[in-house]
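In the working numbering, the protein residues as written are 5 to 160.
Next up, the structure:
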């Protein structure tokens, strides 16, 4: 019995990042697999394996969880949440021992039971702020981070 596409993408996220089952990348991703990530850029299977190892080293208590999935044909859209404590160097950033949580969305294409392509968008800047690698935005008294300019007709 073959797995549903959403089960394959769930395992690729939760079992590799949370449980460290790196061997699943080669089992769940096609030979021609390509991933697109806002921080890492374009990656093949080996690149994905290295990315997972990097985050697991930096955040040894990583918990990756699927929040919601939508499947249509060969596409799976997954809303996910990752959390962990920054306990080792991450891309040159020394450990902060701060807890971080990010959310993201992945769009995967699954063909013949294997992921062939993955596009991810997630709050990379939010992660950097949480671990102290980027400054927090200063909030304005009205609760917004920036004041919108007046509409064109109001500027006259």
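Every residue gets a Cβ at the ideal spot worked out from N, C-alpha and C, and that includes glycine.
Please classify residue 35 as buried or exposed, where buried requires at least 16 neighbouring CB atoms within 10 angstroms.
Locating residue 35 in the chain shown gives position 31, where the first residue counts as 1. That one is exposed.
Mind the definition here: the stretch 43-51 touches the stretch 60-73 only if three or more C-beta pairs lie below 8 angstroms; say whether that holds.
no
Residue from 21, 8, 9 and 91 whose Cα sits closest to the Cα of residue 85
Locating residue 85 in the chain shown gives position 81, counting from the first residue. It is 21.
Whole-angstrom C-beta distance between residue 58 and residue 17, which should lie under 8 angstroms:
As a working note, residue 17 is residue 13 in the chain shown. As a working note, residue 58 is residue 54 in the chain shown. Wrong, their Cβ atoms sit about 16 angstroms apart, outside the cutoff.
Given that a residue counts as buried once 16 or more other Cβ atoms are within 10 Å of its Cβ, and exposed if not, what is residue 103?
Translated into positions along the chain shown, residue 103 becomes position 99. Counting Cβ neighbours within 10 Å, residue 103 comes out exposed, since fewer than 16 surround it.
How about residue 113 and residue 73: are their beta carbons less than 8 angstroms apart?
Residue 113 sits at position 109 when you count from the first residue of the chain shown. Residue 73 sits at position 69 when you count from the first residue of the chain shown. Not in contact: residue 113 and residue 73 (Cβ atoms no closer than 8 angstroms).
Just mark residue 134 as buried or exposed, buried being the case when its beta carbon has 16 or more other beta carbons within 10 Å.
Taking the chain shown and counting its residues from 1, one reaches residue 134 at position 130. Its Cβ being crowded by 16 or more others within 10 Å, residue 134 is buried.
Spell out a yes or no on whether the stretch 24-34 and the stretch 118-125 are touching, meaning 3 or more CB-CB pairs, one atom from each, closer than 8 angstroms.
yes
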